[in-house]
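Peer 1: Numbering of the sequence shown is given in this note's numbering, commencing with residue 10 and proceeding in unit increments. No residue lacks a Cβ here, since even glycine has one placed at the ideal position from N, Cα and C.
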Amino acid sequence: MNQILIIEDEVSIAELEKDYLELSGFAVEIETDGAKGLDKALSGAYCLIILDIMLPGADGFEICKRVRQEKDIPVIMVSAKKEDIDKIRGLGLGADDYITKPFSPSEMVARVKAHLGRYERLLQSGVVANEVIEIRGLKIDKTARRIWVNGEERSFTTKEFDLLTFLAQNPNHVYTKEELFTNIWDMESIGDIATVTVHIKKIREKIEFNTAKPQYIETIWGVGYRFKM
Ligand code: CA
Numbered sequence: 010m011n012q013i014l015i016i017e018d019e020v021s022i023a024e025l026e027k028d029y030l031e032l033s034g035f036a037v038e039i040e041t042d043g044a045k046g047l048d049k050a051l052s053g054a055y056c057l058i059i060l061d062i063m064l065p066g067a068d069g070f071e072i073c074k075r076v077r078q079e080k081d082i083p084v085i086m087v088s089a090k091k092e093d094i095d096k097i098r099g100l101g102l103g104a105d106d107y108i109t110k111p112f113s114p115s116e117m118v119a120r121v122k123a124h125l126g127r128y129e130r131l132l133q134s135g136v137v138a139n140e141v142i143e144i145r146g147l148k149i150d151k152t153a154r155r156i157w158v159n160g161e162e163r164s165f166t167t168k169e170f171d172l173l174t175f176l177a178q179n180p181n182h183v184y185t186k187e188e189l190f191t192n193i194w195d196m197e198s199i200g201d202i203a204t205v206t207v208h209i210k211k212i213r214e215k216i217e218f219n220t221a222k223p224q225y226i227e228t229i230w231g232v233g234y235r236f237k238m
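(1) Please list the terminal residues of the continuous alpha helix (DSSP H) segment that includes D150.
(2) Going along the chain, which residues of its own chain have a beta-carbon closer than 6 Å to the beta-carbon of P180, five neighbours each way excluded?
(3) Taking Q178 as part of the beta strand (DSSP E), name the residues at either end of that continuous run.
(4) Quick one: any contact between the region 70-89 and the region 30-42, if contact means 3 or more CB pairs under 8 Å?
(5) Between which two residues does the alpha helix (DSSP H) containing D18 stretch?
(6) Hey, is D42 close to ligand 1, as in C-beta under 6 Å from one of its heavy atoms?
(7) Just how far apart, CA to CA, sit R213 and L172?
(8) Can you tell which of I216, A104, E24, D81 has the C-alpha that lies nearest to the C-alpha of F165?
(9) How should L64 be labelled, buried or exposed, when 16 other C-beta atoms within 10 angstroms of its C-beta is the threshold for buried?
(10) Would the C-beta of M117 count as close to ligand 1, meaning under 6 Å from any of its heavy atoms?
Structure (structure tokens):
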């Protein structure tokens, strides 16, 4: 997503901004009508918006307010009047920056790059996808530590969750009870491996349709357990 939307009715200014941004490697789209610009801003996949204030159709104040309600991409407002900047501040529209006309195009490009850099860092720090394992009807969200069976959430104890997750992320691998005990209970397996059997039984009651014919965790007689892929 590398496209910038310029909403500006003065074509010479819009073209100047476009030229400089394209020289810096951005893709740029110009919209001269405020109402159409608002539609594009809300429906398109832009990384940043450069927004004039006095526009036909809808003014920059209204556009900024509406965009902010739905998107968190940077918005840089451009105005010919110093008073407008006080108004932008006073209205709390959520614009990220403002530039007064006439402006130096290279300064505008520098500000665009600064805001995009900040926005990308924000995205990387704030929005991290959860780690999810999905096998047939079983969904394990490792990050949120939640489990769903055919879309229905089930509750698991810490050790049940750890044991099922360990098996599910190592499918088709046969583990002995000793290995599972060492891995999940995080200590030397000194005897009570029966606890593994007890936990497998409880997990099966929560995830299997028929515990006598398990479709997820198979018992490998005389050896241990295996998660069927
Ligand atoms: Ca204008």
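Peer 2: Quick answer:
(1) Premise fails: D150 lies in the beta strand (DSSP E), 147-150, not in any alpha helix (DSSP H).
(2) Cβ neighbours of P180 beyond the five flanking positions: F236, M238.
(3) Where Q178 is concerned, there is no enclosing beta strand (DSSP E), given that its DSSP letter is neither H nor E.
(4) Taking 8 Å as the limit for Cβ pairs, the verdict is that the region 30-42 does not touch the region 70-89.
(5) Where D18 is concerned, there is no enclosing alpha helix (DSSP H), given that its DSSP letter is neither H nor E.
(6) no
(7) 12 Å
(8) I216
(9) buried
(10) No, since every heavy atom of ligand 1 falls outside the 6 Å radius drawn around the Cβ of M117.
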